[in-house]
Every structure is written in C-alpha cells, then in structure tokens.
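Notes follow the structure.
Here it is in structure tokens:
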C-alpha cells in the first residue's frame with residue numbers, strides 16, 4: 023500500500039466538486055480508457071478524413087515518424103537495464119513507441135496492418151521480458167515505459183491476436199511492482215531526495231496498470247498518492263506555493279527547464295488517464311495543476327515568475343545526508359519544448375472554458391506536436407508519447423460543466439476506482455533535455471559518484487520541498503521555505 027500523509031492506511035481522498043458518472047460509481051472501467059477513449063479515436067479519424075486543421079498537420083507528424091511504420095520489427099529482451107553497466111533500455115523505449123504509434127495510426131487510418139504491427143511488438147515483449155535492472159534509474163524505466171506500454175496495449179486490447187492476459191501479467195509482475203515500491207520506499211532515500219518527475223512517472227505506471235488490468239485497489243492507491251502522497255509527486259509537493267496572481271510555483275523550476283517540462287507533462291498524463299475514468303484531478307484543489315502549468319508555460323517562454331527560496335535535506339535514511347538551497351528559477355531556452363502542451367491546454371480551454379493565456383501561447387508556439395523520435399535520439403526524447411495536436415485538439419464542450427465522463431466501454435470490465443476529486447524523469451545523463459529538432463542537448467547537471475546507488479542517479483542534485491508551511495518534517499528530511507515574494511500560504 024502506498025503511504026499517504028494525513029490519510030488513514032488504505033483510505034482514498036475523495037473530493038466533492040465533481041460527481042463521477044454512474045459507470046465509475048458502479049465499479050466498471052471504460053476501455054479504451056487511458057490517454058485515449060473510443061470517442062477520442064473516432065474524433066481523430068473523422069477530423070483527419072475531413073482534412074480538418076490542425077489534425078492533418080498532427081497526423082502528418084505521425085505518418086512521417088519512422089516508428090509508425092508497419093515494417094517495424096520488435097527486439098524483445100529478457101532483462102532491460104537502465105543505469106549502470108550493460109544498459110539496453112533504448113531497445114525497449116523504441117519498441118514501445120513503435121507499438122503506440124502504429125496502434126494510433128491504425129485506429130485513425132483504418133489500416134489494420136498498423137494494428138497488427140503493434141500487437142506483434144507487444145506480444146513479443148510480453149513473451150520474453152522478465153525483469154528490469156540497473157541502478158536507481160531502473161525506477162525511471164518502470165515508471166516511464168510502464169505507463170507508455172500500457173497505453174499502447176490499451177489501444178489494441180480487443181485485437182483478436184493480442185495476448186491480453188499475458189500482457190497484464192507483464193505489467194503486474196515486472197513494471198508495477200517496481201513503481202509501487204518506489205512510491206513507498208523511494209529507493210531507501212529520504213522522501214524529499216528524488217525529484218517530482220520520479221514520483222510522477224511511477225504514479226502514471228501504477229494508475230495505467232490499474233486501469234488496464236481492471237484493478238480497483240491499484241487505481242485507488244494512485245489517486246490517493248496524487249492527493250496525499252509524502253513524495254514530491256503529490257500535487258501539493260509538486261506545486262508548493264500558489265501566488266495571488268493565479269500562478270503556482272512548479273517544484274522543478276528551480277532545477278532546470280527540461281525536467282520541469284517533463285514533470286508538467288507527466289502530471290497532465292496522470293490527470294488525463296484519471297479523467298477518462300470519471301475522476302477529476304485536473305480541477306483538484308481549486309485547479310492547482312492549471313495554475314502550476316500556467317506558471318511553467320510563462321517561465322518556459324522567458325517570462326518573469328515569482329520564486330520562493332528553498333532549502334532541503336537529501337540523502338539516504340540512516341546514511342549519508344546533505345542540504346541544498348535554491349534561490350531563483352533556473353534559466354530557460356524559449357526554443358526548448360516537449361510534446362506536452364496540447365493535452366493540458368485543450369482540457370482547460372475546451373472542457374472547462376477557462377482563459378489560459380500562457381498555455382494558449384505555448385501551444386501555438388510548439389505545435390504541431392510530434393512524438394518519440396521527433397525530439398532527439400536519447401531517452402529524453404521518448405519520455406512522452408506525444409502527438410497532442412492530433413490526439414487532444416478538441417471542440418469546445420457543451421453542457422458538461424467540466425465533469426469527467428468515462429468512455430464507452432468496448433468490452434466488459436471489472437472494478438473501477440471509486441470516487442472523483444474536484445501528476446521521472448530522465449533524471450541522469452544526457453537524456454534530460456529534449457529540444458525541437460533531431461539533436462538532444464545534454465543535461466545541465468552531473469551526478470556525484472561518491473554515494474553509490476543514490477548519487478549515481480542524481481540524488482546529489484535533487485532539490486525538494488513541500489506545501490508552503492514554513493518548516494515541514496518529511497520522513498527523515500527537513501524542508502524550509504523562505505518567502506521571497508508575496509504568496510498565499512495554504513493549509514495542508
């Protein structure tokens with residue numbers, strides 16, 4: 023069971039702003055129901071067929087990608103290693119993106135050969151992969167590639183040749199156990215040691231696994247962690263300070279731009295998957311994620327944003343420790359981008375009807391969005407599934423009141439996550455900063471080798487803090503926030 027600060031063991035924090043539809047309340051999951059619903063797939067197909075913009079530009083990005091071709095042959099491995107000697111994880115993420123892109127292309131074009139290719143890739147991996155290894159970066163592999171491969175599988179779950187049961191076993195025995203363990207134990211580190219994106223990647227894996235495998239308890243744990251988790255991926259730790267101007271500080275803005283963008287994309291992914299099962303996390307805590315996304319969008323385009331000085335402890339429980347202080351937001355390159363914005367902006371503008379000045383600007387600047395393979399050859403270019411212009415551009419909702427609605431189910435499903443509320447990152451090496459075009463730039467930070475497994479994955483550079491309450495004790499670490507600009511302090 024994932025630990026939840028301020029919540030009883032096993033309890034799920036349930037908001038009251040949005041009431042789930044009867045399908046979710048009754049305990050049935052909708053499939054497909056991760057990042058894309060049946061209605062989403064039908065919309066994409068119809069818009070592309072009609073030649074509607076910007077869908078056609080987004081579809082052109084998909085069809086031009088080398089991963090979206092029917093000639094892709096899988097190269098499954100028994101063990102995938104990320105971090106340390108013998109790394110081979112690039113084989114996995116390339117195959118995962120090929121499966122996803124072929125599945126998406128098959129649904130939109132109606133060409134069954136692409137769906138067949140996706141099924142062949144996924145079946146090959148579920149027949150061979152038995153473990154994930156490496157140093158602490160193995161938790162990035164479980165989180166990032168776990169949620170991504172689940173999304174690819176969800177798109178072909180009803181294909182007659184797809185080995186659904188075997189694939190579910192792959193998720194529940196190889197990917198999800200590592201992600202679950204990370205959210206509980208954080209690799210033996212103090213809870214503030216690992217950056218927000220580490221938590222969020224593994225939260226996405228736990229949630230996606232729960233939905234694809236119709237596991238109510240798994241979904242409930244993931245949603246509870248989003249609301250109450252002790253780690254830096256829970257929403258009040260990821261977005262610790264809300265300012266009076268309506269912007270809210272994103273935790274990793276003090277680290278670097280590439281990882282801050284990654285975290286925003288992962289939280290958006292988590293919220294979208296939950297939304298498609300009737301759980302509103304986009305609007306949770308007075309639209310806190312919206313305020314954080316607006317902050318990052320403004321900052322990433324070179325705008326001035328307020329920042330609160332932060333000092334925190336880091337290190338291993340009962341082991342080495344240190345502290346680190348950040349006094350200002352990191353510098354940015356306005357040309358840097360990740361394919362994350364279309365999904366978030368379309369939710370708030372089209373589903374909720376909100377004014378999203380900075381999100382709207384950055385979507386226009388970064389579109390049409392591509393996917394894995396379009397943002398550099400290293401792993402940072404494969405952290406998001408992408409293609410948001412194609413997948414998430416939507417007409418303005420009417421008469422929904424911004425409430426989530428589970429997708430129409432294409433197959434019988436079991437228990438769903440209960441209730442509704444009102445989000446890794448390439449943490450090491452040169453994979454952290456994908457940019458527009460084919461060249462990936464190296465990470466701005468380097469890892470210390472002095473502290474073994476933790477430091478080898480960037481623990482010596484992690485800056486963590488939680489909801490702004492002055493001084494807060496965090497399971498073995500101590501966090502201090504000093505007010506630099508006028509902020510609205512919020513209770514836990």
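Numbering (my numbering), first residue to last: 23 to 514. Every residue, glycine too, gets a C-beta built ideally from N, C-alpha and C. Keep in mind the model is a prediction, meaning the values are calculated, not measured.
Just verifying my parser: in three-state terms, what is the DSSP assignment at residue i?
i	result
residue 154	strand
residue 348	strand
residue 343	strand
residue 58	coil
residue 438	In this prediction, residue 438 has a pLDDT of 34, which is less than 50 and means its spatial position is unreliable; what the coordinates show is noted afterwards. Correct three-state label for residue 438: coil.
residue 303	coil
residue 414	helix
residue 184	coil
residue 310	helix
residue 171	helix
residue 86	helix
residue 179	coil
residue 77	helix
residue 53	coil
residue 373	helix
Who are residue i's beta bridge partners in DSSP?
i	result
residue 69	Bridge partners of residue 69: none, in fact.
residue 338	211
residue 393	408
Take residue i and list the residues in its own chain whose beta-carbon comes closer than 7 Å to its own, dropping the five residues that flank it on each side.
i	result
residue 293	303, 304, 311, 445
residue 142	96
residue 120	89, 94, 143
Report yes if the C-beta distance between residue i and residue j is below 8 Å; otherwise report no.
i	j	result
residue 140	residue 116	no
residue 76	residue 390	yes
residue 85	residue 127	yes
residue 221	residue 205	yes
residue 523	residue 188	Residue 523 falls outside the range modelled here, since the chain spans only 23 to 514, and no answer is possible.
residue 201	residue 224	yes
residue 83	residue 394	no
residue 209	residue 161	yes
residue 290	residue 384	no
residue 252	residue 213	yes
residue 163	residue 122	no
residue 260	residue 339	no
residue 352	residue 327	no
residue 113	residue 67	no
residue 287	residue 406	yes
Taking 6 Å as the limit between beta carbons, can you name the residues of its chain near residue i, skipping five residues before and five after?
i	result
residue 356	323, 324
residue 152	100
residue 282	272, 274, 275, 318
residue 165	201, 223, 224, 227, 446
Output needed for residue i: all residues of its chain with C-beta closer than 8 Å, excluding positions within five of it in sequence on either side, in chain order.
i	result
residue 109	103, 156
residue 184	141, 144, 145, 175, 178
residue 372	416, 417, 418, 419
residue 20	An answer regarding residue 20 cannot be provided, because it is not within the stretch 23 to 514 covered by the chain.
residue 413	57, 58, 62, 66, 80, 126, 364, 365
Mind listing, in chain order, the continuous beta strand (DSSP E) runs of no fewer than 3 residues lying wholly within the stretch 194-271? The DSSP assignment places no complete run of the beta strand (DSSP E) inside the stretch 194-271 (cut-off: 3 residues).
Contiguous alpha helix (DSSP H) assignments of at least 4 residues, all confined to the stretch 91-165: Every alpha helix (DSSP H) stretch that sits fully inside the stretch 91-165 and reaches 4 residues is listed by chain position as 111-131, 134-150.
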